[in-house]
Amino acid sequence: MSASGGKKAILAALVANAGIAVAKFVGAAITGSASMLAEGVHSVADTSNQALLLYGQRAAAKEATELHPFGYGRNRYFYSFVVALVLFTLGSVYALYEGIHKVQHPEELNSPIVAIVILVIAIALETYSFMTAVKESRPLKGGASWWRFIRNSRSPELPVVLLEDTGALVGLILALFGVGLTMITGDPVWDGVGTLCIGVLLGVIAIILIIEMQSLLIGEGATPEEDRAIRESLVDGERIDRLIHLKTQYIGPEEILVAAKVSVVRGLDIATIAAAIDAAEARVRRAVPAARTIYIEPDLYRTENSPAK
């Protein structure tokens with residue numbers, strides 16, 4: 005993911021969510037709708053989350069130091085993980101609490117038509133944010149499904165924005181459902197039911213994000229396509245005849261650490277081996293530009309060596 009592409013999607017979501025949050029709180033104050041209030045808190049959480057994602061990108065851009073020799077790229081994973089926690093605590097838990105309260109103690113809505121109008125406007129704004137994220141994601145998604153893109157992406161921001169916007173759109177429909185049924189039936193308990201559904205939805209999305217970001221924080225290897233390209237690039241068949249071991253890890257969304265042990269042809273002098281290693285590094289970087297940090301150990305292949313893995 006290019007930084008500019010991710011930033012465009014984040015900024016679109018930030019502007020949309022900030023405007024939507026204000027509208028929802030005004031609507032909740034006028035109507036007394038729990039669904040509107042829960043959605044307002046949800047939008048505040050989303051707005052805060054976009055700010056966290058932007059800060060994470062800025063923090064990740066810091067130069068490497070002696071304490072952090074591989075740089076600060078994983079800040080983007082860390083702040084995306086914080087986003088998932090915020091979505092769970094400020095969004096899901098609050099909506100569940102408010103929903104249970106409103107189901108146990110239903111309250112009549114005032115001017116529910118105001119809530120309907122605000123929710124429709126919010127759906128339009130959220131759709132704009134969602135379509136921006138979709139547009140920025142398409143070049144990276146390729147032929148994969150959206151679910152596979154979210155699961156396999158090593159860049160956290162676009163999957164986070166896509167899931168947040170999806171949750172926001174479905175949440176708005178659920179709020180519309182709760183307020184609409186309250187108007188039709190005259191029973192305010194439906195407003196609380198809609199709020200509970202929003203809480204469950206946000207909880208599911210937050211848990212998915214927590215699992216994905218935790219995996220990235222621990223450290224994920226190169227994608228299967230990248231791994232295959234790296235393996236093919238390391239061996240030239242002339243000076244390097246075999247790959248013995250290969251380990252890869254993303255140390256930031258756009259940087260892969262490559263550590264490999266290769267078998268060199270017997271009888272080569274030191275200068276020739278050094279040239280072969282330099283050429284192998286250059287081939288890997290051409291094939292996988294994200295492979296910026298490469299360590300290659302030359303060795304002689306022996307039967308006791310483990311096969312490449």
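Start counting the sequence shown at 5; every next residue gets the next number (the numbering used here). Even glycine gets a Cβ: it sits at the ideal position worked out from N, Cα and C. Since this is a predicted model, take the numbers as computed values, not measurements.
Query raised in the report: Just how far apart, CA to CA, sit methionine 217 and glutamine 253?
Result: As a first step, residue 217 must be located in the sequence shown, where it is residue number 213. As a first step, residue 253 must be located in the sequence shown, where it is residue number 249. Each residue's Cα considered, the two are about 15 Å apart.
Query raised in the report: Helix, strand or coil for glutamate 259 per DSSP?
Result: Within the sequence shown, numbered from 1, the residue matching residue 259 stands at position 255. Residue state, collapsed to three classes: strand.
**Report entry** Selected residue, minimal CA-CA separation from lysine 139, among Val118, Val165, Ala284
**Finding:** By one-based count along the sequence shown, residue 139 stands at place 135. Nearest C-alpha to lysine 139: Val165.
Report task. Compute the Euclidean distance between the alpha carbons of lysine 12 and threonine 136, then round it to the nearest angstrom. Result -> By one-based count along the sequence shown, residue 12 stands at place 8. By one-based count along the sequence shown, residue 136 stands at place 132. For lysine 12 and threonine 136, the distance between alpha carbons rounds to 8 Å.
Query raised in the report: What residues are listed by DSSP as bridge partners for leucine 250?
Result: To locate residue 250, count along the sequence shown from 1; it is residue 246. Bridge partners of leucine 250: Ala264.
Report task. Measure the Cβ-Cβ separation of aspartate 195 and serine 39 and say whether it is below 7 Å. Result -> Position 191 of the sequence shown holds residue 195. Position 35 of the sequence shown holds residue 39. For aspartate 195 and serine 39, yes; Cβs fall inside 7 Å.
Query raised in the report: Per DSSP, threonine 297 forms a beta bridge with which residues?
Result: On the sequence shown, residue 297 is found 293 positions in, with the first residue counted as 1. Its beta-bridge partners are Leu261.
Requested in this report: Please look up how many angstroms separate the CB atoms of alanine 63 and asparagine 53, rounded, as I've assumed it's under 8 Å.
Outcome: Taking the sequence shown and counting its residues from 1, the one referred to as residue 63 is at position 59. Taking the sequence shown and counting its residues from 1, the one referred to as residue 53 is at position 49. Not really, about 15 Å apart at Cβ, beyond 8 Å.
Query raised in the report: Of all Cβ atoms in chain D, is any one closer than 7 Å to the Cβ of threonine 227?
Result: Absent from the structure is chain D; it holds one protein chain and no more.
Report task. Note down, in chain order, each residue of its chain lying with its Cβ closer than 7 Å to the Cβ of serine 8, except the 5 sequence neighbours on either side. Result -> Here residue 8 corresponds to residue number 4 of the sequence shown, with the count starting at 1. Note that serine 8 has pLDDT 47, beneath the 50 cutoff, so the model's placement of it is unreliable and the number below is only indicative. Cβ within range, chain order: n/a, list empty.
Query raised in the report: In terms of alpha-carbon separation, which member of Leu71, Ser149, Thr199 lies closest to valine 45?
Result: Numbered from its first residue, the sequence shown carries residue 45 at position 41. Looking at the Cα atoms, Thr199 is the closest of the given residues.
Query - Rounded C-alpha distance that separates cysteine 201 from isoleucine 212 - result: If you number the sequence shown from 1, residue 201 lands on position 197. If you number the sequence shown from 1, residue 212 lands on position 208. Distance between the alpha carbons of cysteine 201 and isoleucine 212: 17 Å.
**Report entry** Nearest neighbour of isoleucine 281, chosen from Glu130, Ala99, Gly256, Ser237 [CA to CA]
**Finding:** Indexing the sequence shown from 1 puts residue 281 at position 277. Closest by alpha carbon: Ser237.
Requested in this report: Specify the secondary structure class of tyrosine 76 as computed by DSSP and reduced to three states.
Outcome: Taking the first residue of the sequence shown as position 1, residue 76 is located at position 72. Tyrosine 76 falls in the coil class under three-state DSSP.
Query raised in the report: At which residues does the alpha helix (DSSP H) containing asparagine 156 begin and terminate?
Result: Within the sequence shown, numbered from 1, the residue matching residue 156 stands at position 152. First-last of the alpha helix (DSSP H) with asparagine 156: 150-156.
Requested in this report: Could you check the C-alpha separation between leucine 247 and valine 262 for me, to the nearest Å?
Outcome: Taking the first residue of the sequence shown as 1, we reach residue 247 at position 243. Taking the first residue of the sequence shown as 1, we reach residue 262 at position 258. Distance between the alpha carbons of leucine 247 and valine 262 is about 13 Å.
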